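Contents: one structure, followed by commentary.
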Amino acid sequence: MSSGVQQPPGEPPSTTAMLTHTAYILDLATEMIQGVCEWLDLDNLKAVRLTCKELRDKSLYHFGTTYFRALRTIVSRRALKNLVAVSSQDLGSYVQYLSIVSQPVNESHCYCQVQSSGLSTELDSDDSNFDDHLEPSDEVKAFLYLLDEQRGMEKDGSDVCQFVKAFTNFTNLKIVQLCYLFTEETVGDPSPAVGKTMSLQRQWASEDFDQYESPRAHLITPFKRSLKAEAVVDRMKLEIEQFVLLSLHPLNDVVVEALEKSDRQTIQVDVTVSLSPPFSSWDADFEPICSSLDSWNHEPFDLATTSWRRLAERHLRSLVIHAEYGKLCDMTEWTSNLLRVTSVSERLEEFRFSHLYHHRDRILDLSAFHWRALKHLTINDTGFSRVGELHGLLSDVGPMLEDITLENVNLYFPGDSWTLVLECLEQMLRLSLVHLRNLRQETPALVNPLPNTGQQHLRLRGKEISPGLKLAVSKLRLGQGLFWQPPFNMAVVHF
């Protein structure tokens with residue numbers, strides 16, 4: 001029989017009968033503290049970590065795996081200094097993916113400068129009216145400051161030195177991404193394996209340019225002078241020509257040298273190239289300038305660039321080429337050089353490209369390139385001008401391919417056939433995902449088309465692919481709405 005004091009029914013327990021105990025968050029197990037951290041946003045999480053050393057240590061794993069698996073940086077003295085500082089701390093052991101962004105010449109560096117300075121697009125007879133509106137835009141200041149600083153780092157070798165320190169300290173670093181002509185919309189997060197990517201990561205892609213109230217005078221003055229002397233269109237031309245006289249930071253050379261000096265030859269490299277024209281629209285007067293800018297922006301991938309060849313041979317894991325519609329029509333030679341160098345890569349696992357349209361008299365034959373280790377292939381908004389070109393590419397890369405996406409792909413040659421492509425896909429033993437959508441072929445339209453089933457695309461996984469791919473396609477009952485008769489006697493297949 002218990003000797004404890006019994007309370008009358010319905011009455012609260014007395015104070016003396018209550019067990020009093022003060023619980024502290026530090027008494028919780030590390031796993032429980034990490035679970036609490038998962039519910040905190042970045043600001044609150046940083047506040048918790050600043051409370052005391054014990055909480056900072058117990059929240060380290062969550063903080064590192066959530067915000068430091070992937071980092072993004074630009075090439076500037078301060079950004080690389082911060083990168084080395086992080087690499088030398090405990091958080092450096094969590095970094096697995098590092099994205100390095102290279103800046104292009106784009107519309108914000110040229111046309112927007114004229115807009116922001118208040119100049120009219122019409123000619124003004126009194127050039128003195130422009131004297132009060134000749135301050136370059138913030139985009140131009142930032143671009144020129146970075147470019148000048150990068151050239152200084154190249155001369156004294158500090159860029160290579162800083163990258164060597166970072167690569168050495170990031171003991172778990174697996175992949176370095178070189179992102180040329182970066183745009184958030186086309187590239188997205190660095191890696192699907194990265195969990196949350198919030199504001200902390202994006203800080204690595206920014207610089208506080210407010211402190212640079214007076215950018216390098218020897219770079220800004222020529223732009224002011226050209227603005228004052230010429231008409232608006234000519235001003236923009238002269239501005240762009242000034243850019244072309246400069247040269248981009250040789251990021252390929254720097255990274256390859258840093259990888260060799262840090263003895264991190266196992267690090268893989270992802271390359272992303274976004275071919276967006278510097279202006280949203282051109283007129284005939286801008287064509288020569290467009291060619292100059294293309295040559296300047298794409299110089300790092302010239303066929304004669306030994307660093308690009310060394311990078312492709314030893315480190316290249318992923319190549320992503322994104323272009324706007326029609327951008328590559330006049331760039332077949334440059335694109336061919338880029339891909340021909342990558343054909344020596346024995347590590348290339350991922351190849352994604354879009355808008356690789358080219359004129360029939362300037363053929364880029366992808367079947368001539370060989371990537372035996374390729375696992376992931378994505379082709380969007382692209383046309384093939386040579387018979388059997390796509391089939392030849394797939395036949396060569398087939399043994400290791402695990403997933404393929406074909407969307408808005410056109411077979412221009414009348415004798416080409418999607419049947420051969422489907423048969424090729426069926427024979428790929430490792431293929432686990434097929435996604436087909438909006439496939440076109442130059443062939444006469446169907447006679448007496450079947451009713452439309454409403455299916456717009458085909459997505460198959462695993463055992464559904466072989467030997468059932470052609471059967472799945474046949475069940476779509478390709479009819480009106482899936483086959484249609486556009487101009488130029490071309491039929492379109494929607495999967």
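Going by the UniProt record's numbering, the sequence shown opens with residue 1, and the numbers climb by one from there. C-beta atoms are modelled at their ideal positions from N, C-alpha and C, and glycine is treated no differently. The model shown is predicted, which means the values in this text are computed figures rather than measured ones.
Reduced DSSP category for residue i - H, G, I as helix; E, B as strand; rest coil
| i | result |
| --- | --- |
| residue 152 | helix |
| residue 70 | strand |
| residue 397 | helix |
| residue 504 | Because the chain spans 1 through 495 in this model, residue 504 falls outside it and cannot be assessed. |
| residue 346 | coil |
| residue 267 | coil |
| residue 504 | Limits of the chain in this structure are 1 at one end and 495 at the other, which puts residue 504 out of reach. |
| residue 423 | helix |
| residue 316 | strand |
| residue 340 | helix |
| residue 225 | Reliability fails at residue 225, whose pLDDT of 40 lies under 50, so the model's placement of it is uncertain and the value that follows must be treated cautiously. The answer is helix: DSSP assigns residue 225 an H, G or I state. |
| residue 63 | helix |
Proximity of residue i and residue j at Cβ, strictly below 8 Å
| i | j | result |
| --- | --- | --- |
| residue 162 | residue 249 | no |
| residue 499 | residue 41 | This structure cannot settle anything about residue 499, because the visible part of the chain is limited to 1 through 495. |
| residue 366 | residue 393 | yes |
| residue 99 | residue 177 | yes |
| residue 409 | residue 439 | yes |
| residue 175 | residue 34 | no |
| residue 397 | residue 418 | no |
| residue 87 | residue 169 | yes |
| residue 413 | residue 387 | yes |
| residue 271 | residue 313 | no |
| residue 308 | residue 341 | yes |
| residue 411 | residue 384 | yes |
| residue 63 | residue 45 | yes |
| residue 259 | residue 315 | yes |
| residue 75 | residue 159 | yes |
Proximity to residue i [Cα-Cα], best of the options
| i | options | result |
| --- | --- | --- |
| residue 71 | 341, 407, 400 and 172 | 172 |
| residue 154 | 422, 176, 253 and 81 | 253 |
| residue 377 | 73, 83 and 318 | 318 |
| residue 321 | 269, 380, 309 and 314 | 380 |
| residue 77 | 273, 47, 145 and 398 | 145 |
| residue 38 | 58, 53 and 52 | 58 |
| residue 353 | 397, 406 and 316 | 406 |
| residue 355 | 382, 340 and 342 | 382 |
| residue 404 | 435, 167 and 340 | 435 |
| residue 31 | 167, 55 and 82 | 55 |
| residue 432 | 411, 422, 402 and 426 | 402 |
| residue 423 | 400, 395 and 96 | 395 |
| residue 400 | 152, 338 and 350 | 350 |
| residue 80 | 306, 167 and 261 | 167 |
| residue 68 | 157, 306, 97 and 53 | 97 |
| residue 92 | 257, 36, 165 and 425 | 165 |
Strand pairing of residue i, partner residues [DSSP]
| i | result |
| --- | --- |
| residue 100 | 73 and 178 |
| residue 383 | 410 |
| residue 432 | Answer is none; residue 432 lacks a bridge partner. |
| residue 417 | DSSP output for residue 417 lists no bridge partner at all. |
| residue 273 | 180 and 321 |
| residue 501 | The chain is shown only over 1 to 495; residue 501 falls outside these bounds and no answer can be derived. |
Enclosing beta strand (DSSP E) for residue i [first to last residue]
| i | result |
| --- | --- |
| residue 503 | This structure gives no information on residue 503, because the portion of the chain shown stretches from 1 to 495. |
| residue 353 | 350-354 |
Unbroken alpha helix (DSSP H) run spanning residue i, endpoints
| i | result |
| --- | --- |
| residue 49 | 42-49 |
| residue 509 | The structure shown has nothing for residue 509, since the chain only spans 1 to 495. |
| residue 162 | 158-169 |
| residue 254 | 251-261 |
| residue 89 | Here residue 89 belongs to no alpha helix (DSSP H), and DSSP marks it neither H nor E. |
| residue 36 | 30-37 |
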